[in-house]
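Heads up, the sequence shown is in full-length UniProt numbering, so the first residue is 1 and it goes up one at a time. Ideal placement from N, C-alpha and C gives every residue a C-beta, glycine not left out.
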Amino acid sequence: MPGAAPPDIDANGTQDRSFEKAVLACLAALGRRCAPGDLLVGLPLGDRATLDVHLLPRALANIGFEMTLHRKVVVADLRPPCLLLLKDGDHVFVAEKRDGGDTFVILDPHGDRQVAVSRATLAAESGGEMICLADSIEALAARHAGARPKGHWFWGHFAPLRARVFDVMLASAFANILAVVVSLFALQVYDRVIPNQNEATLWVLASGAAVAIFMEFLLRLSRARLIDKVGRDIEIAANRDLFERLINVRLDQRRMPPGSMVNTMREFASVKEFFAVAAVGVLTDLPFVLIFLAVIYAIGGPIVIVVALGGLAMIVLSLVFQRRIHALSRDMLGGTTTALRLLTEASYGLETLRSHNAAPWFQRNWEEVITLNARQSSEHRKLSASLSFAAAALQMLTYIAAVTAGVYLFFGGLLSVGGIIAVSILTSRTLAPIVQLSSVISRWQNTTASLDALKLIATAPQQRPSDRSFIRRPAIQGKIRLLDIRTAYPGVEQPQLVIPRLDIEPGSRWAVLGENGSGKSLFLRILAGLYEPTIGSYMIDGIELRQIDPDDLRRAIAYLPQDPRLFKGTLRENLLVGSTVFPDARLFKALEFAGLDKLVSATTRGLDLEIQDGGEGLSVGQRAAVGLARVHLHDPALVLLDEPTAAMDSRAEATFVKRFSHWLDGRGAVVCTHRLALMEAVDNVMILSGGRMIGQGPKAEMLSKFTTTGGGENPARLLAERGR
Ligand SMILES: Nc1ncnc2c1ncn2[C@@H]1O[C@H](COP(=O)(O)OP(=O)(O)OP(=O)(O)O)[C@@H](O)[C@H]1O
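#1: Return helix, strand or coil for Phe-275, following the three-state DSSP convention.
#2: In three-state terms, what does DSSP make of Ser-18?
#3: In terms of DSSP beta bridges, what is Phe-158 paired with?
#4: Mapping DSSP to helix, strand and coil, what is Gln-496?
#5: With H, G and I counted as helix, E and B as strand and the rest as coil, what does DSSP make of Asn-357?
#6: Here's the rule: buried if 16 or more other CB atoms are within 10 angstroms of the residue's CB, otherwise exposed. What is Pro-57?
#7: When every heavy atom of ligand 1 is checked, does at least one fall within less than 7 angstroms of the C-beta of Tyr-531?
#8: Would Leu-566 and Ile-611 be called neighbours here (beta carbons separated by less than 8 angstroms)?
#9: Who are the Cβ neighbours of Gly-64 in its own chain at under 8 angstroms, not counting the five residues just before and after it?
#10: Taking all protein chains shown into account, do 16 or more other C-beta atoms lie within 10 angstroms of the C-beta of Leu-414, making it buried, or fewer, making it exposed?
#11: Short check: CB of Gln-253 to CB of Ala-392, under 8 angstroms?
#12: Can you have a look at Leu-107 and say buried or exposed, based on whether 16 or more other CB atoms are within 10 angstroms of its CB?
#13: With hydrogens ignored, establish whether the beta-carbon of Leu-522 is closer than 7 angstroms to any heavy atom of ligand 1.
#14: Expressed to the nearest angstrom, what Euclidean distance is found between the alpha-carbon atoms of Met-169 and Ala-224?
#15: Thinking C-alpha only, which one of Gln-496, Ala-511, Ser-126, Gly-111 is nearest Gly-89?
#16: Does the pairing of the segment 363–381 with the segment 396–411 give three or more beta-carbon distances under 8 angstroms?
#17: Starting from Thr-264 and walking both ways along the alpha helix (DSSP H), at which residues does that stretch end?
#18: Please tell me whether Val-685 and Leu-703 are closer than 8 angstroms, where the distance is taken between their beta carbons.
#19: With a CB to CB cut of under 8 angstroms and the five nearest residues on each side skipped, what residues in its chain are close to Gly-311?
#20: Can you tell me which of the three DSSP states Pro-550 falls into?
#21: Going by DSSP, name the residue or residues bridged to Tyr-538.
#22: Using the C-alpha atoms, what's the distance from Pro-500 back to Phe-274?
#23: Under a three-way DSSP split, which group does Met-67 fall into?
#24: DSSP puts Asn-684 in a beta bridge; with which residues?
#25: Can you tell me whether DSSP reads Gly-335 as helix, strand or coil?
#26: Is Tyr-489 near ligand 1, going by C-beta to nearest heavy atom under 7 angstroms?
#27: For Gly-668, count neighbouring C-beta atoms within 10 Å of its own C-beta (all shown protein chains included) and say buried if the count is 16 or more, exposed if not.
#28: Between which two residues does the beta strand (DSSP E) containing Val-639 stretch?
#29: Taking the alpha carbon of Val-304 as the reference point, which residue from Ala-422, Phe-268, Gln-363, Pro-258 has its own alpha carbon closest?
#30: Look up Arg-692 in the DSSP assignment and say whether it is helix, strand or coil.
#31: At a cut-off of 7 angstroms, would you count Val-73 as near ligand 1, judging by its Cβ distance to the nearest heavy atom?
#32: For the segment 328–340 against the segment 240–252, are there 3 or more C-beta pairs whose distance is under 8 angstroms?
#33: Using the beta-carbon count (16 or more within 10 Å), is Leu-545 buried or exposed?
#34: Is Ser-518 near ligand 1, with its Cβ less than 7 angstroms from a heavy atom?
#35: Under a Cβ-count criterion, where at least 16 other Cβ atoms within 10 Å of its own Cβ denotes burial, should Gln-494 be classed as buried or exposed?
#36: Enumerate in chain order the residues of its own chain whose CB-to-CB distance from Val-577 is below 7 angstroms, with the five nearest sequence positions on each side excluded.
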C-alpha cells in the first residue's frame with residue numbers, strides 16, 4: 001500500500017535489514033513497539049542506509065533505551081530477550097530459553113519466524129557477544145520521577161571533562177610545584193654556593209633543577225594532550241548535537257535566516273578553540289598562583305602584598321576592558337554574517353549580476369561591509385593589544401616593586417640576596433597566568449557573543465521535542481479535513497491563507513488554482529505539515545496533525561516544492577536522499593516516471609553523473625524531474641506537488657501527465673498548477689484568490705463556474721486562457 005512503512009528492499013542484496021529486524025524484535029519483547037525505519041530517524045546512515053551495531057547506541061538513545069555489551073559469553077549464560085553475535089558477523093534475536101537452557105527460541109535471521117534451536121547448535125554458531133537492551137535511566141526518571149530538565153545545550157557536553165578534571169588538576173599541581181624549584185635553586189646558589197664557593201653543591205643543585213624543569217615540561221605536555229583529547233570529544237558531541245538541532249528545527253519557528261545560520265555555525269570553531277586551547281589550561285593554572293604566593297611569603301614575607309596587589313590590578317584592568325570588547329565582538333559577528341551572505345549571493349547569482357548590471361551594487365555593498373568589518377576588527381585588535389600591553393607593563397611594574405621592597409628588607413637584614421632573586425623569579429611565575437587570563441578574558445567576550453548566537457539555533461523549537469510523545473500511524477490513509485484555517489508565513493501578522501472548510505478523501509485528486517501570490521504554495525506547505533496553521537484545525541485520518549508522529553507523516557505525504565533543491569553529489573545520491581537504499585532497477589523506474597531515463601541512459605556516467613551544489617550540471621527541467629523521481633521513490637499515500645510541470649515542454653508534459661495519472665492509482669494528490677494539461681490528472685478543483693478559498697468541488701463544475709462568470713481577476717479563467 002502506498003505510504004506504508006519503508007519497503008524492506010533486498011532485491012539484489014543492497015540493503016540488509018536483518019539487524020534492524022532483530023533489534024525491533026528485542027524491543028518488542030521488552031514492551032516497546034517500533035515500526036521499521038523508526039530507529040533510523042536522525043542517524044547519519046552510511047551507503048547501505050541500514051542500522052548497524054555502531055549506530056545502535058544512538059538509535060536507542062533516541063527512543064529512551066540503552067544497550068550493554070557483554071563479551072565472551074557462553075550460550076548457557078544468555079539472558080533473553082537479547083541479541084547474540086554470530087560467527088558470520090550477523091546478530092540474532094534470542095527470545096527465550098527453554099528446557100532449563102537446553103533449547104533457545106530465536107528469530108530466524110532470514111525470515112520472520114521464531115524457531116527453536118538446541119544449545120549445541122547455537123553454541124556452534126555463537127560469536128560470544130551478547131547485547132542486552134533496557135530503558136535508559138533518563139527515560140525511567142522522566143517516566144517515574146517527572147521529566148528531569150535536559151542538560152544545557154553547550155555546557156551539558158562538558159560532563160566528560162568533569163570526570164577528567166581531577167587528572168588535569170593533579171598534573172597542574174605537580175607542574176606548578178616543580179616550577180618553584182627554579183627559585184629555590186637561585187636562593188641556594190646565591191646564599192650558600194657562592195659565599196662558600198662550593199662547586200660540587202652547585203652541580204648537584206643544577207642537575208636537580210634541570211630534572212625538575214624536564215619533569216615540569218613532561219607534565220605540561222601530558223596535561224595539554226589530556227585537555228586536547230577531552231576537548232575533541234566535547235567538540236564532536238556538541239557539534240553533532242547542534243547540527244541535529246539545526247536540521248530538525250520547526251520550519252515555522254526558525255529564528256534566523258539561512259545565511260546567518262551558516263555563519264553562526266562557523267563561529268563554533270572559535271568557541272571550541274577558546275575552551276580547548278586557551279581557557280582550560282589557564283584556568284587550571286590559576287589556583288596554583290596561591291602556591292607561589294605562599295612560597296613568596298615564606299621567603300620574602302611582606303613582599304607577598306606587593307605581588308598580590310599587582311595581580312589584583314591586572315584582573316581589575318581586564319574587567320574594565322571587557323565591556324567594550326564584548327560590544328565590539330557582537331557587532332563584528334553581525335558584520336561577518338552580512339559579508340558571508342553577500343559572498344554567497346554573488347557567487348551563486350553571477351549570471352544575474354552580470355545580465356542586470358548589478359555588479360556595482362554588490363561591489364558597493366561589499367566594500368561598505370568590509371570597511372565596517374575592517375574598522376571594527378582593527379578596533380578590537382587595538383583594544384586587545386592595549387589590554388595585553390597594559391597587563392605586561394603592570395607585570396613589570398610589580399616585578400620592580402617586588403625587587404625594590406626586597407632590597408629594603410635586605411637593608412633591614414630581613415632578606416638575603418638569594419631571597420631577592422628567588423622572590424623576583426616567583427613574582428614572574430605568579431603573574432604569568434594572570435597575564436594570560438587577561439587575554440582569555442578578551443577572547444571570552446568573542447566566545448560569549450558566538451555562544452549567544454549559537455543558542456538561537458540550539459534552543460529553537462524542534463519538530464520532535466524530547467518531552468512530547470506522538471500518536472503512531474504507520475499507514476496513513478490520507479483523509480484530510482481542514483476547518484476554519486487562518487494562517488500566514490512565519491513572522492507575518494495578516495492571514496495569507498483562509499480556508500473555512502475543506503475535505504479531501506483518500507485517493508482523491510485535486511488541483512489548486514489561483515493567481516500568483518494567492519497562497520497555493522502556503523496551502524501545500526500546511527498540508528505537508530511543514531508549517532502549522534496559526535488558527536484552525538487540520539485533521540488527518542481523524543487525528544489532529546500536531547499529534548501524529550512526524551516520521552509517519554513524512555512517510556505518508558510527499559511534498560515537492562516549486563524549486564526542489566539538489567545537492568552536490570551524484571545523481572544516485574540525489575535520488576537516494578532518504579534512508580532507504582533502492583536497487584538500480586527501481587531507480588530507473590523512478591527516472592522513467594520523471595522522464596529522465598533517456599538522459600541517464602545516454603550519458604557515460606549514468607547514475608554516477610556528477611551534480612554540483614544547487615543542481616548545476618542539469619537543466620532547470622531536469623532538476624525538476626529529479627524532484628519528481630524522488631517523489632516516485634518515496635511511494636507516498638498522498639502526494640503534494642507545487643507546479644511540477646512548469647519547466648516541461650508541452651510534449652514532455654503530456655507524457656508525464658499520462659504516467660502520473662496511472663501512478664496515482666490508489667493514492668491521493670494535490671497539485672498546484674497554472675497549466676491546463678495537468679487538469680487531465682485530477683477530479684476536483686480548489687480555487688484560491690488573494691489568500692482565500694473561493695471555491696472547491698468537482699472539476700467540471702468548478703471550471704465551468706469560474707470560466708463563465710465574467711470580469712475581475714478570475715484565476716481559473718486566467719488559467720484557461722494561458723493554457724490555450
Ligand atoms: N517566506 C515568506 N514570508 C512571508 N510572506 C511570504 C513568503 N513567501 C511568500 N509570501 C507571501 O505569501 C503570499 C502567498 O504566497 P505563495 O507563495 O503561497 O503564493 P502562490 O500562490 O504559490 O504563488 P505563485 O503562483 O507565484 O507560486 C504572497 O502574498 C507572498 O508574497
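According to the structure shown:
#1: Counted from its first residue, the sequence shown places residue 275 at position 275. Looking at Phe-275 - three-state DSSP - the assignment turns out to be helix.
#2: One-based indexing of the sequence shown puts residue 18 at position 18. Collapsing the DSSP output to three states places Ser-18 in a helix.
#3: The sequence position of residue 158 within the sequence shown is 158, counting from 1. According to DSSP, which records beta bridges pairwise, Phe-158 is partnered with nothing at all.
#4: Your numbering for residue 496 matches position 496 in the sequence shown. Gln-496: coil per DSSP, three-state reduction.
#5: Looking up residue 357 in the sequence shown gives position 357. Here Asn-357 sits in coil by DSSP.
#6: For the purposes of this step, residue 57 is identified with residue 57 of the sequence shown, where counting begins at 1. By the 10 Å Cβ count, Pro-57 comes out exposed.
#7: Locating residue 531 in the sequence shown gives position 531, counting from the first residue. No, ligand 1 has no heavy atom inside 7 angstroms of this Cβ.
#8: Sequence index remark: in the sequence shown, residue 566 carries index 566 (1-based). Sequence index remark: in the sequence shown, residue 611 carries index 611 (1-based). For Leu-566 and Ile-611, yes; Cβs fall inside 8 angstroms.
#9: Here the question's residue 64 lines up with position 64 in the sequence shown. Closer than 8 angstroms at Cβ, skipping near neighbours: Asp-135, Ser-136, Glu-138, Ala-139, Ala-142.
#10: Locating residue 414 in the sequence shown gives position 414, where the first residue counts as 1. With fewer than 16 other Cβ atoms within 10 Å, it is exposed.
#11: As a working note, residue 253 is residue 253 in the sequence shown. As a working note, residue 392 is residue 392 in the sequence shown. Not a contact, by the Cβ cut-off of 8 angstroms.
#12: By 1-based counting over the sequence shown, the position of residue 107 is 107. Buried, because 16 or more other Cβ atoms sit within 10 Å of the Cβ of Leu-107.
#13: The residue you call residue 522 lines up with position 522 of the sequence shown. Yes; taking the cut-off as 7 angstroms, the Cβ of Leu-522 has a heavy atom of ligand 1 nearer than that.
#14: The sequence position of residue 169 within the sequence shown is 169, counting from 1. The sequence position of residue 224 within the sequence shown is 224, counting from 1. Distance between the alpha carbons of Met-169 and Ala-224: 12 angstroms.
#15: In the sequence shown, the residue the question calls residue 89 occupies position 89. Of the candidates Gln-496, Ala-511, Ser-126, Gly-111, the one whose C-alpha sits nearest the C-alpha of Gly-89 is Ser-126.
#16: Between the segment 363–381 and the segment 396–411, the count of Cβ pairs shorter than 8 angstroms is below three; the stretches do not touch.
#17: Here residue 264 refers to the residue found at position 264 of the sequence shown. Segment 258–266, the alpha helix (DSSP H) holding Thr-264.
#18: Stepping through the sequence shown from its first residue, residue 685 is reached at position 685. Stepping through the sequence shown from its first residue, residue 703 is reached at position 703. In this structure, Val-685 places its C-beta atom within 8 angstroms of the C-beta atom of Leu-703.
#19: Along the sequence shown, read from residue 1 onward, the residue named residue 311 stands at position 311. Val-289, Thr-398, Thr-430, Leu-431, Ile-434.
#20: As a working mapping, residue 550 is identified with position 550 in the sequence shown. In the structure shown, Pro-550 sits in a helix (DSSP, three-state: H, G or I).
#21: Position 538 of the sequence shown holds residue 538. Its beta-bridge partners are Leu-482.
#22: The count along the sequence shown starts at 1 and reaches residue 274 at position 274. The count along the sequence shown starts at 1 and reaches residue 500 at position 500. For Phe-274 and Pro-500, the distance between alpha carbons rounds to 55 angstroms.
#23: Position 67 of the sequence shown, counted from the first residue, corresponds to residue 67. Strand.
#24: Indexing the sequence shown from 1 puts residue 684 at position 684. According to the DSSP secondary-structure assignment, Asn-684 is paired through a beta bridge with Trp-510, Pro-698.
#25: Taking the first residue of the sequence shown as position 1, residue 335 is located at position 335. In the structure shown, Gly-335 sits in a helix (DSSP, three-state: H, G or I).
#26: Numbered from its first residue, the sequence shown carries residue 489 at position 489. Yes - ligand 1 has a heavy atom lying nearer than 7 angstroms to the Cβ of Tyr-489.
#27: Here residue 668 is taken as the residue at index 668 of the sequence shown, counted from 1. Answer is buried; the Cβ neighbour count reaches 16.
#28: To locate residue 639, count along the sequence shown from 1; it is residue 639. Per DSSP, Val-639 belongs to the beta strand (DSSP E) from 638–642.
#29: Walking along the sequence shown from the start, residue 304 turns up at place 304. Out of Ala-422, Phe-268, Gln-363, Pro-258, Ala-422 has the C-alpha closest to the C-alpha of Val-304.
#30: Within the sequence shown, numbered from 1, the residue matching residue 692 stands at position 692. Three-state result, Arg-692: strand.
#31: Start at 1 with the first residue of the sequence shown, and residue 73 comes out as number 73. For ligand 1, not one heavy atom lies less than 7 angstroms from the Cβ of Val-73.
#32: no
#33: Mapped onto the sequence shown, residue 545 falls at position 545. So Leu-545 ends up on the buried side.
#34: Stepping through the sequence shown from its first residue, residue 518 is reached at position 518. Yes.
#35: Residue 494 sits at position 494 when you count from the first residue of the sequence shown. A residue is called buried once 16 or more other Cβ atoms fall within 10 Å of its Cβ, and Gln-494, having fewer, is exposed.
#36: Counting from 1 along the sequence shown, the entry for residue 577 is found at position 577. The answer, listed in chain order, is Arg-630.
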